[in-house]
Amino acid sequence: MAGNRDSIEEIRSRISVLEIVSEYVTIKRAGKTFKGLCPFHPEKTPSFTVSEVFGTWHCFGCGEHGDIFTFLMKAENLTFPEALERLAKRAGVELPEFGGREKSRREILFGINSLAAGYYFTLLAKADLAADYLKRRGLADETIKKFRLGYASPAWDGLFSYLSKKGVNADDAAEAGLIIKSERGSYYDRFRNRIIFPILDIQDRIIGFGGRAIGDDQPKYLNSPETPLFNKTRSLYGLNFGRKAIADGACAIVVEGYMDVIAAHQAGFTNCVATLGTALTPKHINILERYTKRVVLAYDADSAGIKAALRGAAMFEESECDVRILRLPKGEDPDSLIRHGRGAEFDAAVKGALPIAGYKIEVLKDRFDLSTPAGREAMLKNTAKVLAEVPSFAERERYIKEVAVWHPNFGTGTTLAEDHIRADVEAQRRRKEGSPHAQSQALRVPKAFTAVEKAERLLLRAIITGEAGAERALKELSPQDFTGEASKCAAEAIYEMFTEKRGIYLPELLEKTGDTGRFLSELVMKDDAPPINEKVLQDCVALIKNSRLKRRRGSDVLAPYIRDGIIDPGDWPKGEAPEEYEEYLRQSGKLGRADE
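Quick note: to get this note's numbering, add 6 to the position in the sequence shown (first position is 1).
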């Protein structure tokens with residue numbers, strides 16, 4: 007990294023942190039900073055903060071922080087060299103060449119995956135059974151080529167032998183997830199007698215593979231294992247082809263399988279993507295939010311598909327997306343509907359997809375026998391629970407009017423039926439608000455700092471932000487004058503950088519300080535700091551000095567009494583010993599760090 011230091015600084019000067027972050031997060035100005043929902047953990051209230059002045063970002067929810075390089079590394083699962091190379095290209099900065107540079111592990115694995123995909127594609131043309139299967143599924147030759155579909159033969163070592171002839175190291179092929187090492191030390195192919203679906207990232211590089219059994223082999227679908235390139239919890243099949251259509255204004259249609267995506271794209275629904283053998287995850291949602299705020303879940307119309315849709319919808323509760331769920335005819339999936347020439351019906355279903363509450367109510371109608379009073383009562387009881395989760399009053403009222411027809415009082419008066427349902431909904435809402443979880447959330451309070459801690463934090467912030475008089479204040483103290491361990495470590499890093507460079511550069515400071523960087527990042531990005539002037543800084547210095555003197559004086563006074571056994575640690579309950587006594591123990595090495 008040191009060899010690229012000049013290039014790094016040049017890239018930072020050319021690319022704003024806002025430019026990078028806003029491609030992944032919807033951010034809005036909030037005072038001197040910008041805020042949005044964190045892309046790295048689920049949340050309802052924006053705690054992700056970006057400072058254009060400092061070129062940094064910080065999440066007050068999960069504690070993640072950094073600059074443009076660390077953001078891209080985390081958002082795209084890149085190594086530092088990969089993030090550096092991508093941002094350098096974007097900024098038009100030429101990186102220094104280092105002769106004889108070895109290929110990175112990821113480059114090696116990408117190359118092996120590309121060789122494997124070519125091998126599988128070649129075998130497909132020779133495998134009549136596999137080719138016939140794809141033809142029966144209605145796939146055109148150009149679609150097969152576009153998605154690079156292939157075939158893995160039943161042979162145990164077909165791919166292994168091919169890769170060996172190409173000079174590929176067996177351990178590298180195993181790391182790519184293509185072959186498996188047996189207990190005897192020999193290797194065999196992971197995918198055998200399967201249709202092969204290469205999985206590509208948004209740069210059209212093959213990161214993994216999926217295989218569908220042609221015969222009765224189990225499992226029916228098999229994916230690559232987790233590798234340095236492939237992580238199924240953050241990969242969406244078809245996104246490399248569909249992201250443009252989605253970003254251009256189409257909603258993202260999330261389906262269940264490879265064939266659903268391929269059939270949809272062939273029919274012109276290029277905004278379809280699929281998860282890979284896993285339920286929707288927060289990472290999937292973060293990826294989708296980069297391109298759109300409108301998502302339609304189009305899962306199979308069976309019990310498993312309904313459960314998956316409801317689980318997936320729940321994942322969006324802490325997202326800004328407008329998520330809807332598509333209702334397909336029973337027994338159908340997107341692939342079967344499109345394959346049988348009913349693309350217009352699929353299109354209409356997408357456009358008529360229901361909000362989460364509406365979909366849940368339709369599922370309840372199917373679950374209970376509405377021809378009986380008991381069935382109607384059960385449906386309405388469960389509907390009240392559904393509507394209690396709906397935050398919008400207008401939306402709740404709309405659904406109450408829709409389901410009132412099933413209430414026993416509907417025949418005697420619409421208003422009476424609606425009032426009964428409304429009362430049930432409100433009762434559910436009160437029960438929810440009084441739950442232990444809701445109460446514990448309400449009782450959470452931020453940590454209160456002592457006057458000295460506040461002074462230390464204010465002074466450190468002033469030094470980092472270059473406030474007038476901060477340098478002079480810095481010279482009056484030493485890192486050992488700070489009480490808290492985090493403050494002390496931060497002060498040491500600041501003093502070191504100030505000594506070396508006669509100033510502070512926050513991105514570099516965060517880069518050097520590791521865990522302490524989180525403390526510094528939070529310190530600087532807090533937007534509730536009081537105004538700072540030289541008088542305030544001198545007051546901070548005076549308070550810190552006074553605290554230091556008090557600690558030292560107390561330690562000196564108590565030392566002989568403790569040494570002679572006049573004062574014993576058992577004299578005070580745990581946590582209630584005078585500050586002087588604790589300081590004595592700290593200085594004598596008998597007490598752990600102050601923050602522990």
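We put the CB at the ideal spot given by N, CA and C, even for glycine.
Please read all numbers here as calculations on a predicted model, not as lab measurements.
If you drop the 5 nearest sequence neighbours on each side, which residues of the same chain put their C-beta closer than 7 Å to that of Ala-402?
The residue you asked about is not Ala; residue 402 is Arg in the sequence shown. Same-chain partners within the cutoff: Leu-393, Val-396, Val-431.
Between the beta-carbon of Val-302 and the beta-carbon of Val-267, is there less than 7 Å?
In terms of Cβ geometry, Val-302 and Val-267 do not form a close pair [threshold 7 Å].
So, with DSSP's three-state summary, where would you put Trp-162?
Three-state result, Trp-162: coil.
Supposed contact pair Glu-113 and Leu-101 - C-beta distance, whole angstroms, cut 8 Å:
Contact between Leu-101 and Glu-113 is absent: CB atoms are separated by about 15 Å, not below the 8 Å threshold.
With burial defined as no fewer than 16 other Cβ atoms inside 10 Å of the residue's Cβ, what is the status of Trp-412: buried or exposed?
Under this definition Trp-412 is a buried residue.
Report the option in Ala-179, Ala-219, Leu-235, Asp-178 whose CA atom is closest to the CA atom of Leu-206.
It is Leu-235.
Proximal residues to Ser-13 (C-beta, below 6 Å), its chain only, five neighbours per side dropped
Counting only Cβ-Cβ distances below 6 Å, and skipping sequence neighbours, we find Val-99, Leu-101.
For the candidate residues Val-279, Asp-339, Pro-288, Val-56, whose alpha-carbon lies nearest to that of Asp-306?
Comparing Cα-Cα distances from Asp-306 to each of Val-279, Asp-339, Pro-288, Val-56, the minimum goes to Asp-339.
Paired residues, beta bridge with Leu-6 - DSSP
This structure leaves residue 6 out entirely; the chain is present only between 7 and 602.
The beta strand (DSSP E) with Asp-195 in it runs from where to where?
Its beta strand (DSSP E) spans residues 193-195.
Would you identify the three-state DSSP class for Tyr-501, choosing helix, strand or coil?
Note: Tyr-501 maps to helix in three-state DSSP.
Taking 7 Å as the cut-off, decide whether the C-beta atoms of Val-279 and Leu-242 are in contact.
Yes; because the gap between Cβ atoms is below 7 Å, this pair is in contact.
Please state whether DSSP places Tyr-30 in a helix, a strand or coil.
Assigned with DSSP and collapsed to three states, Tyr-30 falls in coil, not helix or strand.
Taking 7 Å as the cut-off, decide whether the C-beta atoms of Phe-127 and Gly-156 are in contact.
Result yes, Cβ atoms of Phe-127 and Gly-156 sit closer than 7 Å.
Name the residue from Lys-80, Gly-144, Tyr-125, Asp-177 whose alpha carbon lies nearest to the alpha carbon of Arg-111.
Shortest Cα-Cα distance from Arg-111 to any of Lys-80, Gly-144, Tyr-125, Asp-177 involves Asp-177.
In whole angstroms, what is the alpha-carbon distance linking Arg-296 and Tyr-30?
So the two alpha carbons sit approximately 5 Å from each other.
Run of the alpha helix (DSSP H) containing Lys-95, from where it starts to where it stops:
Counting along the chain, the alpha helix (DSSP H) containing Lys-95 begins and ends at 86-97.
Residue closest to Lys-438, alpha-carbon to alpha-carbon, out of Arg-200, Ala-89, Lys-391
Comparing Cα positions, the closest option is Lys-391.
If you draw a straight line from the C-alpha of Asp-147 to the C-alpha of Asp-353, how long is it?
So the two alpha carbons sit approximately 24 Å from each other.
Decide if the region 513-532 is in contact with the region 477-484; the criterion is three or more beta carbon pairs, one per stretch, under 8 Å apart.
A contact between stretches requires three or more CB pairs, one per stretch, nearer than 8 Å, and the region 513-532 fails this requirement with the region 477-484.
For Asp-138, count the other beta carbons within 10 Å of its own beta carbon; 16 or more makes it buried, fewer makes it exposed. Which is it?
The residue in question, Asp-138, is exposed, as its Cβ has fewer than 16 Cβ neighbours within 10 Å.
Roughly how many whole angstroms lie between the Cα atoms of Ile-259 and Glu-491?
Their Cα atoms are separated by approximately 50 Å.
Any idea which residues DSSP pairs Gly-72 with across the strands?
DSSP, once it has assigned bridges, lists Trp-63 as partnering Gly-72.
Whose C-beta lies closer than 7 Å to the C-beta of Lys-250 among residues of the same chain, with five residues either side of it excluded?
A distance below 7 Å between beta-carbons, with the five flanking residues on each side excluded, links Lys-250 to no residue of its chain.
Burial state of Trp-162 (16 or more Cβ within 10 Å)
So Trp-162 counts as exposed.
If Leu-464 sits next to Ile-538, beta carbons under 8 Å apart, how far is it from one beta carbon to the other, in whole angstroms?
So it is a contact: roughly 7 Å between Cβ atoms.
Decide if His-346 is buried, meaning its Cβ has at least 16 other Cβ atoms within 10 Å, or exposed.
Classified as exposed, His-346 has fewer than 16 neighbouring CB atoms from the shown chains inside 10 Å of its CB.
Output the distance between the C-alpha atoms of Tyr-168 and Tyr-125, rounded to the nearest integer angstrom.
Rounded to whole angstroms, Tyr-168 to Tyr-125 spans 8 Å at the Cα level.
Is the region 25-42 in contact with the region 56-67, if contact means three or more CB pairs nearer than 8 Å?
With a cut-off of 8 Å, the region 56-67 and the region 25-42 count as touching, because enough Cβ pairs lie within range.
Return helix, strand or coil for Lys-336, following the three-state DSSP convention.
In the three-state DSSP reduction, Lys-336 falls in the coil class, being neither helix nor strand.
Would you mind reading off the limits of the alpha helix (DSSP H) that contains Pro-379?
From DSSP, the alpha helix (DSSP H) with Pro-379 extends over 379-394.
The alpha helix (DSSP H) with Arg-478 in it runs from where to where?
Taken as a continuous stretch (DSSP letters only), the alpha helix (DSSP H) holding Arg-478 covers 476-481.
Can you have a look at Gln-224 and say buried or exposed, based on whether 16 or more other CB atoms are within 10 angstroms of its CB?
With fewer than 16 other Cβ atoms within 10 Å, it is exposed.
Cβ of Ile-362 within 7 Å of Cβ of Ala-319?
In this structure, Ile-362 sits near Ala-319, with a CB-CB distance shorter than 7 Å.
For Leu-229, which of helix, strand or coil comes out of DSSP?
Note that residue 229 corresponds to Asn in the displayed sequence, not to Leu. Here Asn-229 sits in strand by DSSP.
Do you know how far the Cα of Cys-495 is from the Cα of Thr-505?
The straight-line gap from Cα to Cα measures roughly 15 Å.
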